[in-house]
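To keep things clear, I will list the structure first and then write my remarks on it.
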Amino acid sequence: MSSNSHYNKSLRTFAKALRSESTKAEVRLWCEVLSKGKTSYTFLRQRPVENYIADFMCKELKLIIEVDGYSHNLKFAEDEGRDKNLEKLGYTTLRFKDEEVMKDLANVERTIRCWIKDSQV
1 MSSNSHYNKS LRTFAKALRS ESTKAEVRLW CEVLSKGKTS YTFLRQRPVE NYIADFMCKE
61 LKLIIEVDGY SHNLKFAEDE GRDKNLEKLG YTTLRFKDEE VMKDLANVER TIRCWIKDSQ
121 V
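In terms of the UniProt record's numbering, the numbers along the sequence shown are unbroken and rise by one, the last being 121.
So this is what it looks like as structure tokens:
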């Protein structure tokens with residue numbers, strides 16, 4: 001594992017447990033948009049990064065995608081701090097609400113694809 005991926009081995013077991021407890025929105029985003037190179041990039045699920053576990057991460061793009069359920073409504077400051085810490089490591093975080101993924105997946109996919117396209121410039 002390259003050191004620049006900021007992989008945290010100590011969170012591996014917890015990340016594996018989270019993969020088996022994915023939300024419906026996470027499963028939908030994974031199956032319909034991010035799995036098997038559908039974006040032409042490899043995304044990993046529930047990936048330990050520093051002291052966090054990213055819902056989805058593409059090491060090549062240094063992109064993290066988070067799907068926020070209801071509990072995140074109460075964690076705005078915490079999520080903002082997390083995103084800033086990850087940004088210092090060179091990562092960009094895109095956040096979507098569960099509801100967006102379930103009710104407007106086409107727009108979520110368009111947002112991700114536009115970010116990927118724009119990051120290639």
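Built from N, CA and C at the ideal position, the CB exists for glycine as well.
{"query": "Closest to Arg82 by CA distance: which of Tyr52, Arg45 and Lys9 is it?", "result": "Tyr52"}
{"query": "According to DSSP, simplified to helix, strand and coil, what is Tyr91?", "result": "coil"}
{"query": "Name the residue from Glu100, Lys62 and Asp104 whose alpha carbon lies nearest to the alpha carbon of Glu87.", "result": "Lys62"}
{"query": "CB-CB under 7 Å to Met1, same chain, minus the five flanking residues each way: which ones, in chain order?", "result": "With a pLDDT of 40 at Met1, under the threshold of 50, the predicted position of this residue should be treated as unreliable, and no value is reported."}
{"query": "Hey, would you say Glu32 sits closer than 9 Å to Glu100, going by beta carbons?", "result": "no"}
{"query": "Let me know the secondary structure DSSP gives Ser2 once reduced to three states.", "result": "Reliability fails at Ser2, whose pLDDT of 42 lies under 50, so the model's placement of it is uncertain and no value is given."}
{"query": "So for Asp55, helix, strand or coil by DSSP?", "result": "strand"}
{"query": "With DSSP as the reference, label Leu61 as helix, strand or coil.", "result": "coil"}
{"query": "Using only CA atoms, which one of Ile112, Ser119, Gln120 and Asn107 lies nearest to Lys38?", "result": "Ile112"}
{"query": "Note down the Cα distance separating Glu80 from Lys24, rounded to an integer number of angstroms.", "result": "24 Å"}
{"query": "Where does the unbroken alpha helix (DSSP H) through residue 124 begin, and where does it stop?", "result": "With the chain represented from 1 up to 121, any question about residue 124 goes unanswered, as that position is not in the structure."}
{"query": "Taking C-beta to C-beta, are Leu29 and Phe96 nearer than 9 Å?", "result": "yes"}
{"query": "Would you tell me roughly how many angstroms separate the C-alpha atoms of Ala106 and Phe56, rounded to the nearest one?", "result": "18 Å"}
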